Amino acid sequence: MKILSFALLFLLSLQVSGQQLYKVAPTADEVLPAWAVKMYGDHPNVWQVDDEYRIWRQTHPDAKTTYTQYYKKWRRAVEPFINTQGFEERPTPASIEEFNSRIEKLKISGASRGSTWSNIGPVETFNTNTGPSPLAKSEQANIYCIDQSLSHPDIVYCGTEGGEIFKSNDKGLNWTCVSRTYEIGAPGALEVHPTNPDIVFAGENNNIRRSTDGGATWELVLTDQEMWTNDILINPANDLIVLAATQHGLYRSEDGGTTWIRLLNEPCYDLEWKPNDPSVAFLVRNDPAAGICRFYKSTDAGLNWELKDNGWFFSDSEGRNDGGARLAVTKADPNRIYAVLIGEAKTDDSGFIGIWRSDDAGESWTLPNPPAGGPWDEVTHPNMATIGRTGGYHQGFYNLGFDASDVDPDFVMAGFLNLWVSIDGAQTFSCDGGYCGNNFNYVHPDCQEIEINGTDIWMTSDGGIEYSNDHFVTHYAVNRGITSSDYWGFGTGWNEDILVGGRYHNGNSAWHENWMPGEQLGLGGGEAPTGYVNPGEGRLTYYSDLGGVQLPESQNGYARYFPFSKFPVESYYDAESGEMEWDPRSWNTFYLTNQNKIWKTTDGGSSFFVLHEFDTIVNANAMSFEISRSNPDVMYLFQRDDYSWDPGRLWKTIDGGENWTELSFPPGYARRGLLACSAEDENRIWFAFPDSGDGEKIYTSYDGGENWVNLTTAALNGEHITYILHQGGTDGGLYLGTYRSIWFKDDNMAEWMPYNDGLPKSIATCILRPFYRDNKLRIGAYGKGIWEAPFAVTSRPVAQPMVHKRETACPGDTIRFDDYSMLDHTDATWSWQFPGGTPSTSNLRNPRVVYNASGKYDVTLTVQNPNGTSTKTVEDMIEVLMPVINEVPPLIDFTTTDHFTIVNPDNDITWEPVSLDRCNPDGDVAYYVNNYDYSGYGIDDILLPVNLDLTQVVDPELHFNVAYAPYYDGNAFIDSLKVLLSNNCGTSNITLFKSGGEELSTTSSGEGPNNLYESERFSPQNCEEWRPVTLDLSAYVGQYVTIRFVNQSGYGNNMYLDNIWLETTLVSTEGADQKMAISLQPNPTSGQTIITGQNDSGWKRLKG
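Residue numbers for the sequence shown follow the working numbering, so the first one is 10 and each next one is one higher.
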């Protein structure tokens, strides 16, 4: 389908409580998918667009276009206002007033308990792995606008996408929010009084507000429909005159902003006063009849306006499109004006028209870098609006900052997706940041505003604020205290205080209790709705766009990245993501929901298997998931339908996930669902309907979902539930997170209470997390950072022992335990009992225990604090398996997959079977690694473990055959093979064999130095190109050992293994147990891929 005319789309804007959204349209003749046509239409059905978008994405998984970028912003902007039919329906002023009144009445009536919320960050975001003094980085928050006081330059205000205004009194070094007691939208314009920094105007949504006390209060002085404010100016000679350029026209006040008149009806983009004459003003606005942007000049302080078009841009092409404009003036040359125009002069201009210049105060204009629009040239005439120099996607007026130096009139900065700088009066530009920048001079992509006052330069972006006083030769991030990070995912630790999350615009960040308060590390990634924390030891965290990250203990320490391949289904929108849930008995056993399946790992994520598949419709995603603490065999799961409108399904298992039965929903619209389960009763559950109307929002069941009790009251009218959380150790205590507030109720309360003292007037909950250790409730919020408060009620202890692995094949292995109890650690004690273990008791929180004999062992934990005592025994919590006795030479039979499993966490190269017939005419099956195509230098990538019991043998020898030739094309690319032995169940390794390069080469027909290299893919051509290797294991007689074959890739050539066998004399087979278990725990694995073997009938000889 083709868009016939999008000329007016740029002129329309969507006002929402958090964000401002401009319709960024593709070019006029661009072919659009059907879902995009619907999205750009009037009043589209959001769920219909979603369905068609999802289907389209399946065949366009990597497409990134102007309309896909707009979809993401549009979808996020309308999410809070989708009604039960799938259409956007914004609350009326009357409904907002009624809601606020209801909250206040509930508080006065005593229904509210005095919560005291506080923001805990991110206060500032820093680079990761950059040495002992990491630099702050603009990966913090999306800053829409900024303004600096001219009379008191240390005072600066900024506005965030999350709907907050911040103030700095020290020139950006520290910021404080000054708007939290007001429900405001994202400010699009700020103006500080020229001589009194306590007077500030802010344009937000359909409103203009004024503060006369430095931001302490904000008076509503102008409201109009679809007014979104682009710029506000106070006249420097007469502060009673105030101008406002908005999408709904030009407004003017002659009494300091108390009353206003609308002078123009067309969308107005930007305003400037002439630097040396405050009676002269400049304006750029849309001309709907001509379909272009026009320039106007006023000589009476903005009362009357005259068109000035001599040399100004004009186009009558059918492909023309007005995307907006910005102006820049300079005190260094008061007659100089620059104007940047975006949109299209003609078809295929891709979002950029050009930068015009006037040297006579707007009377005439030139285009220093012609032509208007394309064709584009990377060097001489780049498209500055798009991600690439000659095209690609752009984000229109949303990303447009522009200003000129007050010191050098030829210095111009233009910010789009990338930051561009001119030093010759807009004749040429260099790309100095964004997607064309570098980490050594990092500038966050997606510029929002550029403000230049004297030598002070401020650039705001989706990531924060950069400041410079030397024409941007150097610059640094100034975001400390701007706590408006926009969380799309959020996870927290258990016994260690850890905060992680994926953030809109700014990737993943993390914080650990050993670091400075609020100072987070930016870990990288895009903007995925992700972030999970393992509740066990090791500070292990997981992100779908990064993999795993082990956080450093110290803030300037090294964050270790490791492969981790499986994640829940994730969505940018509330109640549409799957979950990662831990088995309460082991932190290396956990579950996740992805597609129509629930997956399970028992080795810390090194491998996953499908525990259950719900029907056959892959896109019917398994979503909300709960595993009972009181009985982990009981689980509940909500599954969405693959069609946006239809209700999902609710499932229950009582046998650990082997079999599932479907439960009936209570009354409500089950398009989406949220689950919670009691910590002490597997039959007590809660279910919330995010899309249901009043009266059908939240239910509980006391019998495992057979019957339901409606907990909804009129207090929740108009609320949209985004998350629910049960507080363990309470009588049914449940928190509801919504798009506006937090609510709490337990079984002793007749009514829901607002639990929001200290929170912003309006706050949208992404995810709620408990931190029982410190008696805290946390919110990861959309657009307003992370908040915490004490729990609404006190939790009694709920004991839960946890362990790193429940099964070991190594007698004498050290088993690591930790406390997973719901327990406030203030004055807490722990008492463990380990019958059969050493020690048999412990008072530590995280003891280590050795079991020297095979068998199954119970574990008991008692926890106590001033709120009570709790004891829990987990029967058969630990199983020690008897290792295999070597009755015959060992075998992992490569001709079948019955006795080994390849574990490949990074889904990269691994050992693969290959059929060879050059040595044995009947054919051999060996295993090889394709180093020829793999470029992961220096990574121990492949392991082949063989578990051996050497307690009843003498004179053991390990034999294997290897074939290899290093790659050579003038330079050598060297791979190596290592054989490692562990006699402590994998805790550490001893190197038995290491060889690579020429030393390992087995080729008989090579080239290069000493004829030992191959420039083509190596494959053994005869028996002589296999080398037998024998390793003496007699030093390890009497021990249990694990042997690993490690391929270390150097982007060289193929490595082959065959004929691995153990040659020994068996002393005794008495007491042999044929069950063997080999596993790698915990994950991370340092990028390693494992083949684990199982053998039910003893060892045999390996022969291809």
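Note that the Cβ used here is the ideal one computed from N, Cα and C, for glycine as well.
None of these values were measured; they are calculated from a predicted model.
Measuring alpha carbon to alpha carbon, tell me which residue in the options is nearest residue i.
i: proline 380; options: His390, Ile459 and Trp374; result: His390
i: threonine 731; options: Lys47, Ser991, Pro89 and Leu41; result: Pro89
i: leucine 560; options: Lys176, Gln809 and Tyr570; result: Tyr570
i: aspartate 386; options: Arg857, Phe438 and Val416; result: Phe438
i: threonine 134; options: Pro102, Thr817, Gln1057 and Ile491; result: Ile491
i: histidine 202; options: Gly265, Met644 and Ala145; result: Gly265
i: glycine 821; options: Asp783, Glu528, Asp867 and Val889; result: Val889
i: leucine 350; options: Glu372, Lys340, Ala341 and Asn378; result: Asn378
i: leucine 41; options: Lys73, Glu1016 and Gln234; result: Lys73
i: glycine 397; options: Pro844, Asp433, Pro454 and Thr190; result: Pro454
i: arginine 218; options: Ile193, Pro206, Gln234 and Leu768; result: Ile193
Considering only the beta carbon of each residue, do residue i and residue j sit closer than 8 Å?
i: threonine 204; j: serine 160; result: yes
i: aspartate 740; j: asparagine 757; result: yes
i: tryptophan 1070; j: alanine 972; result: no
i: valine 1024; j: glycine 1005; result: As written in the sequence, residue 1024 is serine, which differs from the valine given in the question. No; because the gap between Cβ atoms is not below 8 Å, this pair is not in contact.
i: arginine 489; j: tryptophan 184; result: yes
i: glycine 424; j: methionine 468; result: yes
i: cysteine 167; j: isoleucine 636; result: no
i: leucine 1040; j: leucine 957; result: no
i: phenylalanine 698; j: glutamate 705; result: yes
Can you give me the start and stop residues for the alpha helix (DSSP H) that residue i sits inside?
i: glutamine 78; result: 75–87
i: methionine 48; result: 43–49
i: leucine 115; result: 102–117
i: glutamate 585; result: Counting along the chain, glutamate 585 falls outside any alpha helix (DSSP H), and DSSP gives it neither H nor E.
i: leucine 1009; result: 1006–1009
For residue i, which residues of its own chain have a beta-carbon under 8 Å away from its beta-carbon, when the five flanking residues on both sides are left out?
i: asparagine 605; result: Glu622, Phe623, Asp624, Thr625, Ile626, Val627, Asn628, Ala629, Asn630, Ala631 and Gln648
i: arginine 294; result: Ala254, Leu259, Leu273, Glu275, Pro276, Cys277, Tyr278, Cys302, Arg303 and Tyr305
i: proline 162; result: Lys180, Asn462, Gly463 and Asp465
i: aspartate 712; result: Asn692
i: threonine 847; result: Val858, Val859, Tyr860 and Asn861
i: proline 641; result: Asp592, Pro593, Arg594 and Gly665
i: methionine 589; result: Tyr541, Tyr551, Phe576, Pro577, Phe599, Tyr600 and Leu601
Given residue i, which residues of its chain have a CB within under 6 Å of its CB, disregarding the five upstream and five downstream residues?
i: glycine 442; result: Leu428 and Val452
i: glutamine 873; result: Thr838
i: threonine 871; result: Ser840 and Thr880
i: threonine 960; result: Gly1047
i: tryptophan 497; result: Gly511, Tyr513, Pro538 and Tyr581
i: tyrosine 551; result: Tyr541, Gly557 and Phe573
i: aspartate 369; result: Asn344
i: arginine 854; result: Asp828 and Trp839
i: valine 2; result: A question about residue 2 goes unanswered here, because the residues of the chain that appear run from 10 up to 1113.
i: asparagine 408; result: Phe425, Leu426, Asp455 and Cys456
What are the boundary residues of the beta strand (DSSP E) that residue i is part of?
i: serine 924; result: 921–925
i: valine 349; result: 346–353
i: tryptophan 660; result: 658–662
i: alanine 198; result: 196–201
i: arginine 63; result: Careful: arginine 63 lies outside any beta strand (DSSP E), inside the alpha helix (DSSP H) at 55–68.
i: glycine 511; result: 507–512
i: methionine 422; result: 421–424
Go through its chain and collect everything with a Cβ distance to residue i's Cβ below 7 Å, but skip five positions before and after it.
i: glycine 1080; result: Because glycine 1080 carries a pLDDT of 33, less than 50, the predicted location of this residue cannot be relied on, and the following value inherits that uncertainty. Contacts found: none.
i: threonine 803; result: Asn876
i: glycine 794; result: Asn128, Gly130, Pro131, Thr492, Ser493 and Ser494
i: lysine 987; result: Thr1000, Phe1002, Lys1003, Val1055 and Gln1057
i: glycine 400; result: Ser359, Trp385 and Asn392
Assuming residue i and residue j make a contact with CB atoms under 8 Å, what is their CB distance in whole Å?
i: serine 127; j: glutamate 797; result: 6 Å
i: histidine 403; j: serine 359; result: 7 Å
i: aspartate 583; j: asparagine 597; result: The Cβ separation is near 30 Å, so there is no contact.
i: asparagine 970; j: asparagine 1068; result: 4 Å
i: aspartate 309; j: serine 288; result: 6 Å
i: isoleucine 733; j: leucine 725; result: Contact flag wrong, Cβ pair sits at about 12 Å.
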